[in-house]
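Presented below is the structure to which this report refers.
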Ligand code: SAJ
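In this note's numbering, the protein residues as written are 54 to 478.
Here is the structure:
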């Protein structure tokens, strides 16, 4: 019999399955996508996630992990499938409910079910418990049920999955204890035990905190531009205060978590919240502001070529889900500009990707949308020789402006205004 059955072999499920297997558990990883199953079983996941492919190959070689389309009987079931948003900003729980339905068919008395997927407040005790109880077994009586939200940062998953503290929210004290014991196999951080609803809201609060904080930074960037000062310096100075931790402005907030999770809180109490949806709207407006500024910089000339550098949702990852780059591209094309996109890591995008050289050749402006390390070390002379006009807009403040200016570039940085004396002079 299997020790652990992990449902969903995506960004979170696969590393989780691999970690259980590396601790000696026999693990079945279930995914409905045959391409995912085949690549996992072949040890060929082609991910940029440091260390994951190597560890996967080790546990496959040891015969401790197999990917399957079928849920098997197990001691513990871990659900790690996505919970996207509906078009009207509501949590879409159907993947989680379906996965729990598959578990229900194999559930036996004494089993533990853990949901890692991000879910709205109350979901564990209602929709999730309900889907599992189709088995005829009762949550908290016949089987144990807990919400244990994932908290790992893409790009550092294998380190964070071990070192981060975990929140374990049980539908009762025994469920929480059982789940804490399960994760104790590999988690070195604290395991904090609470109830399921508190765990659900704590997870949503973490990502919402980040979104609201970034919205504040984006608003400060607009204020700084108006005042003719540098918001990055403002934030650096403010963050010297022992109780201030401002995040950074940027071209928008992407990824499959931060732009999504705050809406789960909004949907759970629509009449009580103002700050959270306002922050979402501020961050969602950033790509439009970036595009407007680019159009201004090329004098709204139809057909002007924009080299957009960076298409992932953040630096040094290949993931382009919810990337602000796509919104920027749409806005630029709507304004009549031609956009050539280059990203050294991204392989799939709903817009053609080209080489750096091809993107820059004949470009009227280069727009840095992601602070990939590869871009920080670009040679301004090389870039300038390819471009038609030496104009660059850095939305991430990652270029050394002086180097670019000495190569004859007109450089603009998001959140950096022109001082009033420079304008009048
Ligand atoms: N961003 C800014 N300014 C900042 C920081 C980030 O504009 O100061 C932008 C990024 O460019 C990116 C977006 O926000 O577009 C999100 O990036 P991120 O690094 O803030 O977050 P994620 O989505 O990669 O991972 C987050 C993490 N949550 C927290 O740090 C509270 C991670 O720990 C979670 O596990 C993950 O969400 C998740 O899966 O929920």
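No residue lacks a Cβ here, since even glycine has one placed at the ideal position from N, Cα and C.
Pick out whichever of the options has its Cα sitting closest to the Cα of residue i.
{"i": "residue 374", "options": "399, 60 and 392", "result": "399"}
{"i": "residue 229", "options": "241, 166 and 175", "result": "166"}
{"i": "residue 140", "options": "378, 342, 317 and 232", "result": "317"}
{"i": "residue 346", "options": "365, 383 and 446", "result": "446"}
{"i": "residue 472", "options": "282, 103, 434 and 412", "result": "282"}
{"i": "residue 202", "options": "194, 176, 185 and 379", "result": "176"}
{"i": "residue 211", "options": "341, 395 and 105", "result": "105"}
{"i": "residue 74", "options": "91, 96, 116 and 255", "result": "116"}
{"i": "residue 332", "options": "342, 306 and 470", "result": "306"}
{"i": "residue 193", "options": "225, 215 and 221", "result": "225"}
{"i": "residue 151", "options": "339, 376 and 184", "result": "184"}
{"i": "residue 392", "options": "376, 416 and 372", "result": "416"}
{"i": "residue 96", "options": "453, 85, 114 and 83", "result": "114"}
Which residues mark the beginning and the end of the beta strand (DSSP E) in which residue i is found?
{"i": "residue 391", "result": "391-395"}
{"i": "residue 66", "result": "Taken as a continuous stretch (DSSP letters only), residue 66 belongs to no beta strand (DSSP E), being part of the alpha helix (DSSP H) at 66-75."}
{"i": "residue 80", "result": "80-83"}
{"i": "residue 119", "result": "118-121"}
{"i": "residue 360", "result": "358-362"}
{"i": "residue 354", "result": "Taken as a continuous stretch (DSSP letters only), residue 354 belongs to no beta strand (DSSP E), as it is neither H nor E."}
{"i": "residue 220", "result": "219-223"}
The alpha helix (DSSP H) with residue i in it runs from where to where?
{"i": "residue 251", "result": "249-280"}
{"i": "residue 231", "result": "226-236"}
{"i": "residue 406", "result": "Careful: residue 406 lies outside any alpha helix (DSSP H) and carries neither H nor E."}
{"i": "residue 87", "result": "87-95"}
{"i": "residue 111", "result": "105-114"}
{"i": "residue 314", "result": "314-321"}
{"i": "residue 289", "result": "284-291"}
{"i": "residue 211", "result": "210-216"}
{"i": "residue 382", "result": "377-387"}
{"i": "residue 349", "result": "328-350"}
Inset, instruction - Give a yes or no on contact between the segment 307-318 and the segment 250-270, applying the rule of three or more CB pairs nearer than 8 Å. - result: yes
Inset, instruction - Assess, as a yes-or-no matter, whether the segment 355-364 is touched by the segment 316-332 under the definition of 3 or more beta carbon pairs within less than 8 Å. - result: no
Inset, instruction - Pick out the complete beta strand (DSSP E) segments inside the segment 418-467, 3 residues or longer, and give them in chain order. - result: 418-421, 444-447 and 463-466
Inset, instruction - Check whether the segment 123-139 touches the segment 74-83, counting contact only when three or more Cβ pairs, one atom from each stretch, lie closer than 8 Å. - result: yes
Legend entry - alpha helix (DSSP H) segments (min. 4 residues) lying fully within the segment 133-208: 147-157 and 182-186
Inset, instruction - State whether the segment 131-138 contacts the segment 62-69, with contact taken as three or more CB pairs (one from each stretch) at a distance under 8 Å. - result: yes
Legend entry - Segment contact flag, the segment 180-197 with the segment 140-153, C-beta cutoff 8 Å, min 3 pairs: yes
Legend entry - Three-pair Cβ contact test at 8 Å for the segment 435-446 versus the segment 242-251: no
Inset, instruction - Could you tell me whether the segment 340-356 touches the segment 406-415, using the rule of 3 or more Cβ pairs below 8 Å? - result: Too few Cβ pairs lie closer than 8 Å, so no.
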